[in-house]
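Beneath this line is the structure, given in structure tokens, with notes to follow.
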Amino acid sequence: MNIIVYIKQTFDTEAKIVLDGSGKIDANGVNLIINPYDEFAVEEGIKLKEKLGGEVTVVSIGGAKAQEAIRTALAMGADKGVLISDPALENADEWANAEVLAKAIAKMPCDIVIAGRIAIDDGASQIGVRLAEILNVPSISSILKLDVTGTHVTATREIDGGTETIEAELPLVLTAQKGLNEPRYPSVAGIMKAKKKPIQTLTLADLGLSAGDLAPKMSVQKYTLPDARKAGQKIPGDVATAAHELARLLREEAKIL
Numbered sequence: 213m214n215i216i217v218y219i220k221q222t223f224d225t226e227a228k229i230v231l232d233g234s235g236k237i238d239a240n241g242v243n244l245i246i247n248p249y250d251e252f253a254v255e256e257g258i259k260l261k262e263k264l265g266g267e268v269t270v271v272s273i274g275g276a277k278a279q280e281a282i283r284t285a286l287a288m289g290a291d292k293g294v295l296i297s298d299p300a301l302e303n304a305d306e307w308a309n310a311e312v313l314a315k316a317i318a319k320m321p322c323d324i325v326i327a328g329r330i331a332i333d334d335g336a337s338q339i340g341v342r343l344a345e346i347l348n349v350p351s352i353s354s355i356l357k358l359d360v361t362g363t364h365v366t367a368t369r370e371i372d373g374g375t376e377t378i379e380a381e382l383p384l385v386l387t388a389q390k391g392l393n394e395p396r397y398p399s400v401a402g403i404m405k406a407k408k409k410p411i412q413t414l415t416l417a418d419l420g421l422s423a424g425d426l427a428p429k430m431s432v433q434k435y436t437l438p439d440a441r442k443a444g445q446k447i448p449g450d451v452a453t454a455a456h457e458l459a460r461l462l463r464e465e466a467k468i469l
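Numbered according to this note's numbering, the sequence shown spans residues 213 to 469.
Here's what the structure looks like:
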């Protein structure tokens with residue numbers, strides 16, 4: 213089975229976000245990691261390979277530093293990596309990234325594509341479904357359980373208020389939700405092996421694309437940080453007095469009653 217896992221390199225969840233003078237995020241000195249939801253995708257791809265045989269290819273879009281994320285996935289157990297890197301993609305939106313990714317995947321043998329449900333940096337949750345549309349294959353999002361028998365797939369996905377079980381046939385695109393599995397930590401042996409596993413770097417020209425083909429349909433003008441959280445307020449007095457004062461504050465100051 214040929215398994216492709218798309219990963220994105222994002223800021224560490226504990227990183228402090230700082231904006232520069234132009235209203236853009238300052239990435240200097242910030243630790244970068246594999247998007248946590250993509251780790252579930254990597255783990256599921258490796259589990260499929262261990263069960264059914266085949267090969268796991270990790271694909272990412274980004275600058276040279278994105279190789280670090282790919283090496284981490286290789287250390288977990290993936291077999292090879294592909295980095296799509298081009299200056300024209302620096303401000304690409306989800307539409308452009310999906311177009312580029314589809315071009316790359318079309319050049320690879322592929323039975324199943326797995327990605328994280330959502331990226332923690334932009335929260336767009338678009339790549340998986342856009343990719344499936346371009347490739348003209350089925351997609352199942354937010355999966356919590358997966359079973360593949362031959363070319364038949366049964367997946368349980370999260371929906372509002374419960375779960376839903378869907379059956380489909382390969383090839384298809386899946387997006388992984390928290391709870392699908394427990395991502396493994398790279399072992400020392402895995403880290404050493406990862407240094408020798410191949411990573412292919414592709415440009416837009418390699419994919420038959422140019423910057424003019426990928427004019428973004430959406431652009432971010434600037435970012436703003438949320439207002440600092442105000443300190444809590446302690447209401448003194450007995451229960452009846454405190455309850456009365458709380459109701460007054462909610463009505464007159466918070467204006468939510």
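Note that the Cβ used here is the ideal one computed from N, Cα and C, for glycine as well.
Skipping 5 residues on each side, what residues in its chain have a beta carbon closer than 7 angstroms to that of arginine 329?
Position 117 of the sequence shown holds residue 329. Contacts found: Tyr249, Ser337, Ser353, Ser354, Thr387, Ala388 and Gln389.
Tell me, which residues are paired with lysine 357 by DSSP?
Looking up residue 357 in the sequence shown gives position 145. According to DSSP, which records beta bridges pairwise, lysine 357 is partnered with Thr368.
According to DSSP, glutamine 412 sits in a beta bridge with which residue or residues?
Counting from 1 along the sequence shown, the entry for residue 412 is found at position 200. Val294, per the DSSP bridge assignment.
Measuring only the C-alpha atoms, how far is leucine 313 from alanine 285?
Within the sequence shown, numbered from 1, the residue matching residue 313 stands at position 101. Within the sequence shown, numbered from 1, the residue matching residue 285 stands at position 73. Whole-angstrom Cα-Cα distance: 18 angstroms.
Host beta strand (DSSP E) of threonine 377 (start-end)
Taking the sequence shown and counting its residues from 1, the one referred to as residue 377 is at position 165. Threonine 377 -> beta strand (DSSP E) spans 374–381.
If you measure between the beta carbons of lysine 220 and asparagine 247, is that distance less than 7 angstroms?
Residue numbering aside, residue 220 sits at position 8 when the sequence shown is read from its first letter. Residue numbering aside, residue 247 sits at position 35 when the sequence shown is read from its first letter. Yes, these two residues count as a Cβ contact at 7 angstroms.
Host beta strand (DSSP E) of isoleucine 215 (start-end)
If you number the sequence shown from 1, residue 215 lands on position 3. It spans 214–219 - the beta strand (DSSP E) in which isoleucine 215 sits, taken as one unbroken run.
Which residue's Cα is closest to the Cα of tyrosine 435: Gly233, Asp224 and Asn214?
As a first step, residue 435 is located in the sequence shown; it is residue number 223 there, counting from the start. Considering only alpha carbons, the answer is Gly233.
Spatial neighbours of leucine 419 within its chain, please: CB distance less than 7 angstroms, with the 5 preceding and 5 following residues excluded, ordered by chain position.
In the sequence shown, residue 419 corresponds to position 207, counting from 1. The answer, listed in chain order, is Val312, Lys315 and Ala316.
Are the CB atoms of isoleucine 296 and leucine 458 nearer to each other than 7 angstroms?
In the sequence shown, residue 296 corresponds to position 84, counting from 1. In the sequence shown, residue 458 corresponds to position 246, counting from 1. No, these two residues do not count as a Cβ contact at 7 angstroms.
From what residue to what residue does the beta strand (DSSP E) around glutamate 480 run?
There is no way to answer for residue 480, as the model of the chain reaches only from 213 to 469.
Rounded C-beta distance between alanine 310 and proline 350? I'm assuming under 8 angstroms.
If you number the sequence shown from 1, residue 310 lands on position 98. If you number the sequence shown from 1, residue 350 lands on position 138. At roughly 16 angstroms, the Cβ-Cβ gap does not stay under 8 angstroms, so alanine 310 and proline 350 are not in contact.
Glycine 265 by DSSP, collapsed to three states: which one?
In the sequence shown, counting from the first residue as 1, residue 265 sits at position 53. Coil.
Among Glu280, Ala427 and Ile216, which one has its Cα closest to the Cα of lysine 319?
Here the question's residue 319 lines up with position 107 in the sequence shown. If we check each option's Cα against that of lysine 319, Ile216 comes out closest.
Simplified DSSP state of isoleucine 330, which is helix, strand or coil
To locate residue 330, count along the sequence shown from 1; it is residue 118. The answer is coil: DSSP assigns isoleucine 330 none of H, G, I, E or B.
I think threonine 222 touches isoleucine 332, with their Cβ atoms under 8 angstroms apart; what is that distance to the nearest whole Å?
Here residue 222 refers to the residue found at position 10 when the sequence shown is read from its first residue. Here residue 332 refers to the residue found at position 120 when the sequence shown is read from its first residue. Threonine 222 to isoleucine 332, Cβ: 6 angstroms. Contact.
Quick one: using the 10 Å Cβ neighbour count with 16 as the cut-off for buried, is serine 272 buried or exposed?
Indexing the sequence shown from 1 puts residue 272 at position 60. So serine 272 ends up on the buried side.
Whole runs of the beta strand (DSSP E) within the segment 381–460, excluding any shorter than 3 residues
As far as the segment 381–460 is concerned, its whole beta strand (DSSP E) runs of at least 3 residues are 384–388 and 411–414.
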